[in-house]
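See structure below.
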Amino acid sequence: MSSSLYRLGRTMAALRWKIVAVWTVLLLLSGALAAGLGGSFSTEFEIPGTEGQEGLDTLATRFPELAGTSGQVVLVTRDGSDIDDHRAEITELMGDIAEVDGVAEAPDPFGEISPGTRNDDDTAMVAQFQMDGQVGEYPATAVEEIQHLVSQADSDGLEIHAGGQFLQSAEIPFGAGEIIGVIVALIILAIVFRSFVPAVIPIVTAITGVGIAMLSLMALSAGISIPSVTTALGAMLGLAVGIDYALFILSRHRDQLARGDDVRESIGKALATSGSAVIFAGLTVVIALVGLFITGIPFLTIMGVAAAATVALSVVVALTLLPALMGILGERLRPRRIRRLMAQHDGALPADAEGQHSPGGFKLAWVRLVTKVPALTIVLVIIGIGAVSVPVKDLELALPDLGTEPSGSPARVTYDLISEEFGPGYNGPLLVTADIINSTDPLGVVEDLENNIVDLGSVEEIQIATPNRGADMAVVVVIPEGGPTDESTKQLVRDLRESAPAWEEELRISEITVTGSTAIGIDVTDKLSAALLPFALFVVGLSLVLLMLVFRSIWVPLKASIGYIFSVLAAFGATAMVFEYGWLNGPLFVDVNGPVVSFMPIIVMGVLFGLAMDYEVFLVSRMREEYVHTGDARGAIERGFTANAPVVTAAALIMVSVFAGFVTSGWFMLQPIAVALAVGVLVDAFVVRMTLVPAVLALLGERAWRLPAWLDRRLPVVDVEGEGLAGVLEHRRWSAEHGEHALRLEDTIAPLIGEDGTIGPLTGTLSPGQLLVARTSDDAARAAFLALAGGRLQPTSGILAVHDRIAPDDLPAMQARVHWIGAGAPVARRLAALPARNLGRELIIIEDLADLAHAAAAEDDALVERLDALLAAGATIIVGSRVEGTSPAEQHLHRTLRDPRRLTALTLQRSPDHSREGALV
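Under the numbering used here, the residue at position 479 of the sequence shown is numbered 1302, and the numbers go up by one with no gaps.
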């Protein structure tokens, strides 16, 4: 992967202005689509298959008057007079609301069909109305018209407020807090780079990626139901990871420029090293977010996929647009001091100027402190995180209702007024439905059902109990004593559902369901809570596998996974402190305390997993690299920590500033997620990765880097730190010295195909425009050599290069450049069909020389001339021969080729243990 990223970085730098133009066009195109399609986001949280959702769907078809989005008009007399004194103006107001386009029904609250709810002293009333469908289905102007009518009707004698679900908005309340978070990130970047110019680049790339992602979501929302919180979550993650990923690559580029590297070469190296880690980090976030499908909840799966797509786009931007911008800025990204030195020495950096900055200071002092008595450090970290995690026991979950809207908003004012005048239960009515089609006394059955519900307790009032117009369905609107998120309301829903089978048998009715927005919210919360453990096992198991691949160790993944769990517990504990205990409510703009949004834990676990693995890879991979080179376990910890800790510190602070900016939005649905992520990142980066991890590694010593041999052989190799780059750079230096070759073998050994043993070591080269005959009667050896040259077989040692592609990283790219003509294939036809373009970069392998000789003698008189043309165009041809020596077919080729010097032969043998057989001759 590193070799491909190296070439990608150099290509992006070379095509810099074209790449910037492509991304600009993509941004404008996504904006045009969003504006043209005019989609809208959903405020509904549906879970197909739950009782609440099935009941609501049935209600929509059999009792549509109660299925649409509900609205409320709260009327309170200002002088304490009786509400009946204002009957005329209230009736007129509800009549005007009924005529608004988008309102399905607004009955007179003084009528008998749907009487309004009164308070105990008859000084206040709640009048109900229903919209035509769910939020987004009725005209957007309907909300403004209703609010205008209510405002006009408000008088000196009557205080009137509109509320209810119809006021729920899909608009995302972005504000100054998010902008401040980005500005803080810019300041941190400027401090890290000690320059303003490089600090702006990560901000530009992150905003570009987020802009395209959010505009694309807006366009998609025209045809797909996308929850409104998805855009805020995607923007928050996209900004955070987009800035961080650019920081990792750009900081490596700046370090290399400070050592005097050429700009374009440095861009390639930066992508090959830090770019590999960015891909791994982004992949972990994407997998964790897509893993939300485990919950089986469609809206959460959509949220996860959308957020994952935003993160993936941020990775693509970091690998394409970022190197293009680095190429445009060129030498301006090189530190000024280094630029002056190079200018004074004809563009070269003096040898004595390199490595002047020793990794000391606070970084070295800190890592030595935490590893001096590692057991003590571990105990202190566990105690500290344990103390922060204690409030997790009090963390309650629920879907937010209108009581979580910002203070002073119309919906919140109405919600609080209803709770004050009527009781909290009136803000969260439950709808009990039943199929009564077999009943001969619909009214009597409804009355009996109503009495049974009241007998359960925790019921404040039965607001409506009536059959529908067809008398085949009963609906009982139950007002619970507690609010929508109170435990008593949840228990009432459970009691109703547990009693349903007995009622069905007693009353001879069927399909009793408990539904409504409150019941659906409880269903969502219950299903999310049940999905937490499977998702946690998925995430932790994934981290163990991925980190085992990267670090070739068992202890490092175990330590990383346990540290991740610590970070999650600390994040949840801090969230409970803020939203349950009310700590720091003022500074954080939190308007209400109580249950947090029910999908907060699972979203935070998924996102924090990716970020935690990100920091783990950047810190520990450098430690592993130092250990592999030196074998000094303790010294590797110090050198690796001091090298990468500054970048991880900056990345974590940027993450925290971006997440903290979203806390100030005042949007309760997003605030708990932002608080948990900010605290989680802070704890994970500074307590877990920079304190606990060095201590654990110091305690384990060399054991930390060991992996059982049997497991090591079975795990694929993952190059995250760009270890394969060394081979790419070596081959470039070799090619500059010896010229370009189509095939390069140097001490190359490969396993035989279909048999035990090896072939090689093979050493030699093949220039473009040559034809090589590989001779041997050993089928396994010949097959192994041809597969090796064609990129179909990975060498066990030595160097294998086909043009500029190096094994093992570039085996797929090698295969893409090889035209393979198998034994028995129509050689003449296959050669004639070869495209004329890029033949100088292609390799043609013909398995059997006999097929070539037969085609030339019996099928195509011009075949040898075609071979001449291919060789003259720079194509390289390798042909397998089943004869040990020079065969008649090979002699014929030698005589008939226009330039016999293009023909080369190789005699192959297996590799006996006592000798080094196999050489180009």
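The beta carbon of each residue, even a glycine, is placed where N, CA and C say it ideally should be.
Range of the contiguous alpha helix (DSSP H) that encloses residue i
i	result
Trp1378	Trp1378 to Phe1402
Leu1254	Per DSSP, Leu1254 belongs to no alpha helix (DSSP H); it is in the beta strand (DSSP E), Leu1253 to Asp1258.
Trp1528	No alpha helix (DSSP H) holds Trp1528; DSSP gives it neither H nor E.
Lys1216	Neither: Lys1216 is in no alpha helix (DSSP H) and is coded neither H nor E.
Arg1462	Ala1456 to Val1486
Thr834	Ser825 to Ala837
Gly1105	Val1086 to Val1113
Glu1327	Glu1310 to Leu1330
Gly1150	Pro1121 to Leu1152
Trp1189	Gly1184 to Lys1195
Residue i versus residue j - alpha carbon distance
i	j	result
Thr1699	Ser827	23 Å
Asp1085	Asp1078	12 Å
Glu1713	Ser1558	30 Å
Ala1354	Thr1118	5 Å
Asn942	Asn1291	27 Å
Ile1201	Val1519	7 Å
Val845	Leu1148	13 Å
Phe1464	Asp1239	53 Å
Lys841	Ser893	53 Å
Glu1688	Ile1701	17 Å
Ala1692	Ser1704	22 Å
Asp931	Ala950	8 Å
Ile1332	Gly1503	51 Å
Thr1727	His1717	9 Å
Gly1091	Gly1409	48 Å
Val1301	Val1401	32 Å
Arg1017	Ala1008	14 Å
Leu1156	Met1165	14 Å
Ile1582	Ala1630	16 Å
Glu1525	Gly1207	28 Å
Thr1308	Trp1490	18 Å
Limits of the unbroken beta strand (DSSP E) element including residue i
i	result
Trp1643	Val1641 to Ile1644
Thr1730	Leu1726 to Thr1730
Ile1335	Ser1333 to Thr1338
Ala927	Val926 to Glu928
Close beta carbons around residue i, own chain, < 6 Å, minus the five adjacent residues each side
i	result
Val1064	Val1134 and Ser1137
Thr873	Asp1346
Gly1405	Asn1416
Asn1661	none
Leu1038	Ser853, Gly854 and Ala857
Ala1234	Gly986, Leu990, Leu1225 and Glu1228
Leu860	Ala1042 and Ala1045
Ile1646	Correcting the residue identity first, residue 1646 is Ala in this sequence and not Ile. Here the set comprises Glu1670 and Asp1671.
Beta-bridge partners of residue i, as assigned by DSSP
i	result
Pro1290	Ala1297
Ile1668	Trp1643 and Ile1701
Arg1598	Ser1704 and Thr1730
Gly894	Phe952
Gly986	Gln895
Leu1720	Answer is none; Leu1720 lacks a bridge partner.
Val1420	Ala1221
Thr940	Val949
Val1282	Pro1303
Thr900	Leu981
Arg1555	Bridge partners of Arg1555: none, in fact.
Glu1569	Ile1622
Cutoff 7 Å; reference residue i; Cβ partners in own chain excluding five residues on either side
i	result
Ser1814	As displayed, the chain neither begins before 824 nor continues past 1744, which places residue 1814 out of reach and without an answer.
Val1213	Gly1396
Thr1453	Ala1459
Val1379	Leu1370, Val1443 and Ala1527
Gln1179	For Gln1179, the pLDDT reaches just 49, beneath the cut-off of 50, and the residue's location in the model is therefore unreliable, leaving the point undetermined.
Val1516	Lys1382, Gly1386, Leu1442 and Val1443
Own chain residues within Cβ distance below 8 Å of residue i, not counting five before or after
i	result
Ile1644	Val1650, Arg1653, Leu1654, Ile1667, Ile1668, Ile1669, Glu1670 and Asp1674
Ser1242	Gly1226, Tyr1249, Asn1250 and Gly1306
Thr1124	Leu1115, Phe1116 and Thr1118
- Task: With a floor of 3 residues, list each beta strand (DSSP E) that falls wholly inside the segment 1572-1637, ordered by position along the chain.
- Result: Entirely contained in the segment 1572-1637, the beta strand (DSSP E) runs reaching 3 residues are, in chain order, 1581-1589, 1594-1598 and 1620-1625.
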